[in-house]
Amino acid sequence: MAIKGKDEIYSGRIRLGMVGGGSGAFIGGVHRMVSRLDDHYTFVAGALSSTPEKALASGKELGLDPERTYGSYEEMAEKEAAREDGIEAVAIVTPNHMHFGPAKAFLEKGIHVICDKPVTSSLEEAKALKAIADKADALFILTHNYTGYPMIRQARAMIENGDLGDIRLIHAEYPQDWLTEPAERSGSKQAEWRTDPKRSGAGGAIGDIGTHALNLALFVSGAELESLAADLDSFVEGRQLDDNAHIMLRFKEKNGVRPKGMLWASQVAPGFENGLQIKICGTKGGIQWAQENPNYLWYTPFGEPKRLLSRNGAGALDASTRVSRIPAGHPEGYLEGFANIYTEAARAIKAFRDGKTADDVVYPTIEDGVIGLAFIEACVASSKADGKWVGLDV
């Protein structure tokens with residue numbers, strides 16, 4: 001399709017750029033794969049690495065035009081905004097400390113931002129970025145990708161429909177074992193930046209996976225976190241950030257009930273590869289979902305037998321089937337759930353082109369990012385005060 005002008009409304013693929021995600025970067029590859037799954041995006045430009053030489057090599061490897069392979073995100077934002085065929089959206093897949101600068105630069109150019117979590121490396125930056133995003137003529141999407149699973153959408157809809165009654169108990173956990181030994185000292189790039197406070201921020205496990213667990217619990221339950229009491233540990237000798245966290249949660253009162261909860265996040269738990277799961281109980285029943293078996297949701301009405309609901313199976317709600325691609329019994333997993341965030345974003349961006357709002361689209365936003373950073377800083381403050389209850393500064 002010929003593009004007649006920068007502001008022309010058209011229905012073709014979204015021109016996507018990327019900051020970070022060059023050679024050897026796991027999450028950059030994931031973002032590129034999931035953006036292509038439903039055929040809404042074309043990857044056309046990037047500032048893919050921390051040096052111009054590495055960026056150019058990564059761009060060549062990925063088949064980008066050398067003229068659109070940039071040595072810095074600043075150059076990319078400036079030049080792409082000036083092009084008639086410039087990018088419409090940018091994926092930011094850098095370590096945490098490199099989220100704020102690129103997000104600010106592209107938002108201020110009117111380019112939609114799809115950003116990895118946590119949204120920044122500090123609460124101060126997160127609030128500053130929210131102020132920028134609120135004023136920008138562009139959308140901000142945060143890739144808490146687990147919210148894209150069909151059975152998570154099913155669970156959320158069931159709670160909204162009142163199937164569980166008033167929510168009383170919310171339990172989230174996310175144990176892994178890949179940092180049981182000091183991988184950051186044996187050449188693992190992924191471990192190096194995640195355990196470095198200069199690049200990761202104040203949170204280790206709580207920032208990397210604890211924010212996922214909390215976001216999922218809030219997304220499904222509809223509850224609002226009020227305060228927490230945290231016990232953070234760095235079990236591996238010499239590690240600068242937490243690798244295990246046990247956290248008690250108190251939520252805001254709703255319908256006369258104040259839910260209580262627990263969150264466990266660990267990256268030193270042998271036997272757990274990616275054990276994200278949530279358990280939510282109300283006055284009428286409970287649900288349980290595990291990411292390693294994502295096509296199923298356990299639902300137990302109080303006093304009745306436990307029921308296993310399957311993706312696209314009997315009892316599936318529209319909220320679930322709308323983001324499901326294939327019939328029941330054919331598994332969908334991590335990439336498909338992640339792709340749902342990109343597809344929801346694409347529907348919102350295409351509506352934005354036409355001056356409209358896609359009201360039925362659901363994806364995490366800058367507000368979720370601020371909550372995530374407030375959670376991290378409250379956990380650190382609470383643990384330093386020997387588990388004192390700390391409120392969230394949102």
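So the sequence shown is numbered by the UniProt record's numbering: it starts at 1 and just counts up by one. No residue lacks a Cβ here, since even glycine has one placed at the ideal position from N, Cα and C.
- Here R185 is exposed. Its C-beta has fewer than 16 other C-beta atoms within 10 Å.
- Linking G20 to K198 through their CA atoms gives a straight-line distance of about 17 Å.
- Sequence-distant Cβ neighbours of D393 in its own chain, meaning closer than 8 Å and more than five residues away, are L123, A374, E377 and A378.
- Within a 10 Å sphere around the beta-carbon of M33 sit fewer than 16 other beta-carbons, which makes this residue exposed.
- Under the 8 Å Cβ criterion, the region 311 to 327 does not count as touching the region 98 to 105, having fewer than three qualifying pairs.
- Pairing I167 with V257 gives a Cβ-Cβ distance under 8 Å.
- Shown here for G162: same chain residues with a beta carbon closer than 8 Å to its own, the five before and five after excluded, namely K284 in chain order.
- In this structure, N215 keeps its C-beta atom at 8 Å or more from the C-beta atom of I341.
- For Q154, same chain residues with a beta-carbon under 7 Å away, outside a window of 5 residues either side, are L297, L309, A316, L317, A319 and S320 in chain order.
- In this structure the region 287 to 307 does not touch the region 244 to 252; the number of beta carbon pairs closer than 8 Å is below three.
- For D137, no alpha helix (DSSP H) segment is defined, and its DSSP state is neither H nor E.
- The criterion of a C-beta distance shorter than 8 Å is not satisfied by I141 and A339.
- When the five nearest sequence neighbours on each side are left out, the beta carbons in the same chain lying within less than 8 Å of the beta carbon of H212 are those of K117, H144, Y146, Y174 and L276, in order along the chain.
- Our two residues, A381 and V44, have alpha carbons roughly 43 Å apart in a direct line.
- DSSP assignment within the region 53 to 105 yields the following whole alpha helix (DSSP H) runs of 4 residues or more, N-terminal first: 73 to 82.
- In the three-state reduction of the DSSP assignment, G22 falls in the coil class, being assigned neither a helical nor a strand state.
- Under the three-state reduction of DSSP output, S221 falls in the helix class.
- When secondary structure is reduced to three states using DSSP, I280 falls in the strand class.
- DSSP assignment within the region 290 to 328 yields the following whole beta strand (DSSP E) runs of 3 residues or more, N-terminal first: 296 to 301 and 307 to 310.
- Note on geometry: alpha-carbon atoms of L129 and L139 lie some 12 Å from one another.
- In the structure shown, L392 falls within a coil segment according to DSSP collapsed to helix, strand and coil.
- DSSP places R353 within a helical segment (H, G or I) once states are collapsed to three.
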